[in-house]
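From first to last, the protein sequence lines are chains A and B.
Take the first sequence: its letters are residues 8 to 126, numbered as in the numbering used here.
Take the second sequence: its letters are residues 1481 to 1999, numbered as in the numbering used here.
The beta-carbon is built from N, C-alpha and C at its ideal position, and this holds for glycine as well.
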Amino acid sequence: MTLVEFYDKVNGDYEDVIFRFQDEKRIMRFAGIFLRDRNFNQLQKAIEERDWSAAFRAAHTIKGMALNMSFTRLFESTAALTEHLRGGAELMNREIYEKVCSDYNEVVSNLEKVEQTED
Amino acid sequence: MLDKTKNTILIADDSEMNRAILVDMLEGEYNILEAEDGKEAIAALKKYGTEISLLLLDIVMPDMDGYDVLAVMNHNQWIKDIPVIMITTEVGGTYLKRAYELGATDFINRPFDPQVAHCRIANTIMLYSKQKMLMETVAAQIFENEKNREIMISILSHIVEFRNGESGMHVLHVNTLTEILLRYLLTKTDKYPITQADISIIRMASSLHDIGKISIPEDILNKPGRLTREEFEIMKTHSMAGAELMSNLKNYQNEKLLEYSYQICRWHHERWDGGGYPDGLSGDDIPIAAQVVSMADVYDALTSVRCYKDAYSHEKAISMILNGECGVFNPLLLECLKDAADRIKKEMSEDHSGDAGSFRAAQRVIDDVRNFDKDSSLHIYEMLSDERAKSRFLDSLLGGISFEYDKGTDTLVLTESLAETLDVPTIITNPRKNEILTSWSENKGEKIIIDALKSTTPDSPTVSCDIPIRLKPEETEEMYRVNCFTIWHKRSDSLQYTRVVGELRPIKPRGEDITYDIG
């Protein structure tokens, strides 16, 4: 899968990300950091343990990464979750969280396909 | 170790990706330090201080967030010297406002265009370093000007004293006493319109109180015995003569320095009860500057040896003035003298180089700038006074700093004790061409020192070497240890040492060598 196809698939903004980072190698380097990042696991753990402020921080960081990478769909769902949890508020609407999980997994699985193509 | 030719940026963000994007954008041009949370950021600020030119700070971080970091920076006053740019995905107005209130310089929102962000970062660093440089330049110039002014005035006043056969210390003592008394007076009353700035002017003007004595014939001035009535009348004309000198300077009549000098020259022998000369003024008709200098003059006369008397102790002099045995003074000033007695005793026993006053003048201007714009204040004065304190401390250690060499002016400055030991002047220009210095070791020592200095670097600025010196042709060569510390600055794109400070001490034969090294 090419990077352009990937961004199309996950509803990202390829034009924006290539404008900011200039070349695809750099984008893939940061994508590698995204794949290694542990914040999604921390989010899952925090939701399970009902540690809402830890959940907020993890969601916030994923939102930031999604912004950096122009993963527009993931950004939108994490932004919704971040606002939902802001100020240590309890997760009342599980759908919001589940949307983040599916968007995140979509990005990760497709990104791995791009990496395999590159190798 | 940080590369000293580059500015250093601290990035504080818990997200690895955020840091990586910033590092990618900034590395090469800057030294980069990374902190994964607020605590690490504070630790780095503590460790590197103002070596850090800029902090890029995230808001949401575990344990200690960006606001906490700003609060600590405020508490420690770091925020005055280190600019902070917040980098965040938060866009709400309250977030912005709170960070600005805590002293953040700028905001960059994610996702950012790296080129634009890069320019904003570079501009912030440049503005801060320019401002810092300007403050340093201004402070250095004020210090220099004040020092030169003080030197000029002490030259003038010393002309009088040397003609008078006095030590030259009298004027310095009157300066110090005048300043102390005025400071105490200001805490007691606001009835005299004197500002902090006036104090330093009056202090300076007090140097000139006896300038009129240049018109007194030398045989009267230096007469060992008691003056006759006629001679005393001539002597008394010195106050009016000094005042006339001042009023003849047509160009500066509106200057406070001249106004105070006039008052001090003319009326420093008036008495509170009207029994003084030349005008017989009484009470507060005598300008306060003259009243204060009059008291300072009397105190120093009492505590000094004169051809007709021994020196009285500090305690005796204070009690004689308080008991009215040496003139009549303003009761408020007597109170000041009483309150300030301990301070006077302490300061009179200390070294009174003109530098102290110059530093105070530089400090005053810096304080004014600070009060004008609190955010722009820098720690220049602290820096200057720290340096001064440091060198005083080192001076006071046995075998402390004994010489300082300035490359730009090719000038070697020795401490008085070292100059005395070596029988050379304290200031030597073009030392490598100085006959006395070169005769000591037929240029061998010079080469050893220069080679040693060449081995220093900004990261390893100290070096020691041993040189043979023959102080007098008939004496044998002795080995001396030279310990040098080089101070590095950027000159035309490369780092060079511009100053060398160091000490020189004889290497004693084994067994006798007592080490004075501290730390």
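- The beta-carbon distance between Leu1933 of chain B and Val1980 of chain B, rounded to whole angstroms, is 6 Å. This is short enough to meet the 8 Å contact definition.
- Where Cys1745 of chain B is concerned, the enclosing alpha helix (DSSP H) starts and stops at 1736 to 1747.
- When DSSP states are grouped into helix, strand and coil, Val121 of chain A belongs to the helix group.
- Between the alpha carbons of Val1564 of chain B and Ser1741 of chain B lies a distance of about 49 Å.
- Going by beta carbons, Met1720 of chain B and Arg1746 of chain B fall inside the 9 Å limit.
- Taken in chain order, the complete alpha helix (DSSP H) segments of 4 residues or longer contained in the stretch 1557 to 1593 of chain B are 1573 to 1581.
- By the neighbour-count definition (other C-beta atoms within 10 Å, threshold 16), Ala1677 of chain B is an exposed residue.
- By the C-beta criterion, the stretch 16 to 31 of chain A is judged not to be in contact with the stretch 39 to 49 of chain A, since fewer than 3 inter-stretch pairs fall below 8 Å.
- When C-alpha distances from Asp1939 of chain B are compared across B:Thr1966, B:Ser1533, B:Ile1532, B:Tyr1779, the shortest belongs to B:Thr1966.
- Taking the Cβ atoms as the reference, Thr1656 of chain B lies roughly 7 Å from Met1828 of chain B, within the contact range of under 8 Å.
- Residue B:Phe1809 holds the alpha-carbon nearest to the alpha-carbon of Gln1771 of chain B among B:Thr1530, B:Phe1809, B:Glu1739, B:Gly1804.
- The count of Cβ pairs closer than 8 Å, one atom from the stretch 1710 to 1719 of chain B and one from the stretch 1784 to 1796 of chain B, stays below three, leaving the stretches out of contact.
- Non-local beta-carbon contacts of Pro1986 of chain B in its own chain, meaning distances under 7 Å to residues more than five positions away in sequence, involve Glu1958, Tyr1960 in chain order.
- If you draw a 10 Å sphere on the C-beta of Val121 of chain A, you find 16 or more other C-beta atoms in it, and that means buried.
- Secondary structure note for Asp1946 of chain B: its beta strand (DSSP E) is the uninterrupted segment 1942 to 1949.
- If you draw a straight line from the Cα of Pro1767 of chain B to the Cα of Gln1743 of chain B, it is about 7 Å long.
- In the structure shown, Asp1790 of chain B adopts coil according to DSSP, grouped into three states.
- Non-local C-beta neighbours of Ile25 of chain A in its own chain, meaning closer than 8 Å and more than five positions away in sequence, comprise Glu31, Ile34, ordered along the chain.
- Less than 9 Å separates the beta-carbon of Met1775 of chain B from that of Leu1661 of chain B.
- In this structure, DSSP gives Cys1964 of chain B an extended state, which the three-state scheme calls strand.
- About 17 Å separates the beta carbon of Glu102 of chain A from that of Trp59 of chain A, a gap too long to meet the 8 Å contact definition.
- Val107 of chain A counts as buried, since at least 16 other C-beta atoms from the protein chains shown sit within 10 angstroms of its C-beta.
- In the DSSP assignment, Ala1492 of chain B falls within the beta strand (DSSP E) that extends over 1488 to 1492.
- Counting along the chain, Ala62 of chain A sits inside the alpha helix (DSSP H) bounded by residues 59 to 76.
- Annotation: Asp23 of chain A is outside any beta strand (DSSP E); the continuous alpha helix (DSSP H) that includes it extends over 21 to 28.
- Of the residues assessed, Phe1642 of chain B falls on the exposed side of the cut-off, its CB having fewer than 16 other CB atoms within 10 angstroms.
- Judged by beta-carbon spacing, Ile1949 of chain B lies within the 9 Å limit of Gly1925 of chain B, meaning their Cβ atoms are closer than that value.
- With a cutoff of 9 Å on beta-carbon distance, Cys1816 of chain B and Lys1668 of chain B are scored as near each other.
- Glu1520 of chain B carries a helical assignment under DSSP once its states are collapsed to helix, strand and coil.
- C-alpha of Lys1952 of chain B to C-alpha of Gln1611 of chain B: approximately 52 Å in a straight line.
- Interface with chain B (9 Å Cβ-Cβ cutoff): Met76 of chain A is included.
- In this structure, the CA atom of Gly94 of chain A is about 20 Å from the CA atom of Ile1567 of chain B.
- Within chain B, the residues placing a beta-carbon under 7 Å from that of Asp44 of chain A are Glu1496, Met1497, ordered along the chain.
- Exposure of Ser1974 of chain B is indicated by the presence of fewer than 16 other C-beta atoms within 10 angstroms of its C-beta.
- Nearest to Leu1984 of chain B by alpha-carbon distance, out of B:Ile1824, B:His1969, B:Cys1964, is B:Cys1964.
- At a cut-off of 9 Å between C-beta atoms, Gly94 of chain A does not count as an interface residue with respect to chain B.
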